[in-house]
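> In the UniProt record's numbering, the protein residues as written are 1 to 449. One structure, as structure tokens, below. Some questions next.
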């Protein structure tokens, strides 16, 4: 079933050239953080370019439940914040839908305020591990009461007298890091987060932009982020850059669909998010960055992707995983159309996303005639060359938007139709995916095989 209703099957057929401009939605990570930090500031934050997918809309609703005023007027979202420590206790359960980012960041934001809140989500989110966040939040004094295995539904009892913490993140996770930093906002003194591998740094950048004192140092321990607690956050005017994770789909579709030439403008290229594009270029993709610039403290450029029939399989270095963790599913679709073996290592995190993404992609690719090997934290796809994927399968999306979109992209270059059993979850992150792709020339349509 889809995240918010009956299943929506969708098919993808071999297509002619994809051409034109793909205006993808705003960055999901920055959209979530804009709403949460706006709710914790004093005064009115204005946000344009916000991703209006269901995940972000669920976060907006959550901020209203904690007492902030959040409304859209024209093209701008207005957030009247309540200040650090000013959250009110919600009078109903907070439904975060499909969003692991939303629920984990919101848990962090309320964990050092002496209120209780109960969180739930869809079937996918309720099956995901929350202990990775609730364990460090317990160090501040927060308590979590959930289902076995640390799963939602879960009630968080915030700490009335929080303590600052020093926490080394055990696995690369921007969500865990960000939850701890948000909790540290209402704790006295300095909260310190140590990450051995750098993850996306939007939280650090945006906290500093809102007026928090944040220091980032590279040490022998790793990357050390120090936040001084109990600041008064200042409201901001935020222009959300377009999402590189969403851009990945029209970019990859153009690379594998014969004759294609697609421009994807205004894409955020934060170095902690751009690993996919580096990897594609190493494979031999005809992918260029045009008009590079900086907007709102983030590097931005226009991406141009052209059909690249000579791409080769490569070994993706494990240290790159954190900068492209959400893009491995669509990378595997490209790898299926390259020549030779693409090996992806250090990707254990893929097993605890909206679905077990390694298992979901491996089973779907095999059904489409592609050879896949896998281990606990690695997998390898042996490509069949441009136009060589047989296709002809119906694959399960498993309530995972990125699995659904990845197979719809692959279908554009496969020899026979690929059907996704439920494309409904795509609305959580990329609500305009279908019309955007069809406008480029993709043969994507609703309905079963």
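The C-beta atom is built at its ideal place from N, Cα and C for all residues, glycine as well.
Once you ignore the five residues that flank residue 352 on each side, which residues in its own chain have a CB closer than 8 Å to its CB?
Taken in chain order, the residues that qualify are 128 and 129.
> Helix, strand or coil for residue 343 per DSSP?
It is a strand residue.
> Is the beta carbon of residue 448 closer than 8 Å to that of residue 13?
Going by C-beta atoms, residue 13 is not nearer than 8 Å to residue 448.
> Is residue 418 closer than 8 Å to residue 361 when the C-beta atoms are compared?
No, these two residues do not count as a Cβ contact at 8 Å.
> DSSP on residue 200, reduced to helix/strand/coil?
The answer is coil: DSSP assigns residue 200 none of H, G, I, E or B.
> If you drop the 5 nearest sequence neighbours on each side, which residues of the same chain put their C-beta closer than 7 Å to that of residue 188?
Answer for residue 188: 164, 229 and 230, listed in chain order.
> Just reading off the alpha helix (DSSP H) that residue 250 is part of, what are its end residues?
Unbroken alpha helix (DSSP H) run through residue 250: 244-256.
> Hey, is residue 330's beta-carbon within less than 8 Å of any beta-carbon in chain D?
Of the protein chains in this structure there is only one, and it is not chain D.
> State the DSSP-derived secondary structure class of residue 349, mapped to helix, strand or coil.
DSSP places residue 349 in helix when its eight states are reduced to three.
> Taking residue 177 as part of the alpha helix (DSSP H), name the residues at either end of that continuous run.
Run containing residue 177: 174-184, per the alpha helix (DSSP H) assignment.
> Between residue 191 and the ligand COA, is the CB less than 7 Å from at least one heavy atom?
Ligands displayed in this structure: none; no statement on the ligand COA is therefore possible.
> Nearest to residue 174 by CA position, among 223, 162, 157 and 147, is which residue?
The residue with the shortest Cα to Cα distance from residue 174 is 223.
> Per DSSP, what are the beta-bridge partners of residue 26 in this structure?
In DSSP, residue 26 forms a bridge with 242.
> Report the CB separation of residue 319 from residue 348 in whole angstroms; it is logged as a contact under 8 Å.
Their Cβ separation, rounded to whole angstroms, is 14 Å, which puts residue 319 and residue 348 out of contact at 8 Å.
> May I ask which residues mark the beginning and end of the beta strand (DSSP E) holding residue 151?
It spans 151-157 - the beta strand (DSSP E) in which residue 151 sits, taken as one unbroken run.
> If we ignore side chains and look at the alpha-carbon of each, how far apart do residue 52 and residue 212 end up?
One C-alpha to the other measures close to 27 Å.
> Give the single residue among 206, 445 and 371 whose Cα lies nearest to the Cα of residue 35.
Closest by alpha carbon: 206.
> Extract the residue ranges of the alpha helix (DSSP H) inside the stretch 258-326, only unbroken runs of 4 or more that lie entirely within it.
Runs of the alpha helix (DSSP H) inside the stretch 258-326: 275-282.
> Report the three-state DSSP secondary structure of residue 143 (helix, strand or coil).
If DSSP states are grouped into helix, strand and coil, residue 143 belongs with the strands.
> Between which residues of its own chain and residue 363 is the CB-CB distance below 8 Å, once the five residues before and five after are set aside?
Result list for residue 363: 395 and 396, in chain order.
> Skipping 5 residues on each side, what residues in its chain have a beta carbon closer than 8 Å to that of residue 91?
Answer for residue 91: 65, listed in chain order.
> Excluding five sequence neighbours on each side, which residues of the same chain lie with their C-beta closer than 8 Å to the C-beta of residue 380?
Closer than 8 Å at the Cβ level, and outside the excluded window around residue 380, lie 341, 342, 343, 344, 372, 373 and 374.
> Verify whether the separation of the beta carbon atoms of residue 305 and residue 276 is less than 8 Å.
Contact flag unset, no.
> Which partner residues of residue 227 appear in the DSSP bridge assignment?
Paired residue(s): 191 and 214.
> Taking the alpha-carbon of residue 252 as reference, which of 239, 236, 279 and 242 has the nearest alpha-carbon?
The shortest C-alpha separation from residue 252 is found at 279.
> In three-state DSSP terms, what is residue 437?
Correct three-state label for residue 437: helix.
> From residue 2 to residue 169, what does the alpha carbon distance come to, in whole angstroms?
Low confidence applies to residue 2: its pLDDT is 38, below 50, so where it sits in the model is not reliable, and the reading given next is rough at best. Near 32 Å, if we compare the C-alpha coordinates of residue 169 and residue 2.
> Can you give me the start and stop residues for the beta strand (DSSP E) that residue 48 sits inside?
Per DSSP, residue 48 belongs to the beta strand (DSSP E) from 42-48.
> Apply the 10 Å Cβ neighbour rule to residue 219 and answer buried if 16 or more other Cβ atoms are within range, or exposed otherwise.
It counts as exposed.
> Look up residue 107 in the DSSP assignment and say whether it is helix, strand or coil.
Helix at residue 107.
> Could you give the distance in angstroms between the alpha-carbon of residue 369 and the alpha-carbon of residue 292?
Using only the alpha carbons, I get a separation of about 39 Å.
> What is the DSSP secondary structure of residue 117, reduced to helix, strand or coil?
Strand, per DSSP.
> Given a threshold of 16 other Cβ atoms within 10 Å of its Cβ, counted over all protein chains shown, does residue 28 qualify as buried or as exposed?
Counting Cβ neighbours within 10 Å, residue 28 comes out buried, since at least 16 surround it.
> Is the number of C-beta pairs between the stretch 69-83 and the stretch 91-105 that are closer than 8 Å three or more?
Too few Cβ pairs lie closer than 8 Å, so no.
> Could you tell me the boundaries of the alpha helix (DSSP H) in which residue 358 lies?
It spans 357-367 - the alpha helix (DSSP H) in which residue 358 sits, taken as one unbroken run.
> Ordered along the chain, which non-local residues of its own chain (more than five positions away) have a Cβ less than 6 Å from that of residue 208?
Closer than 6 Å at Cβ, skipping near neighbours: 214.
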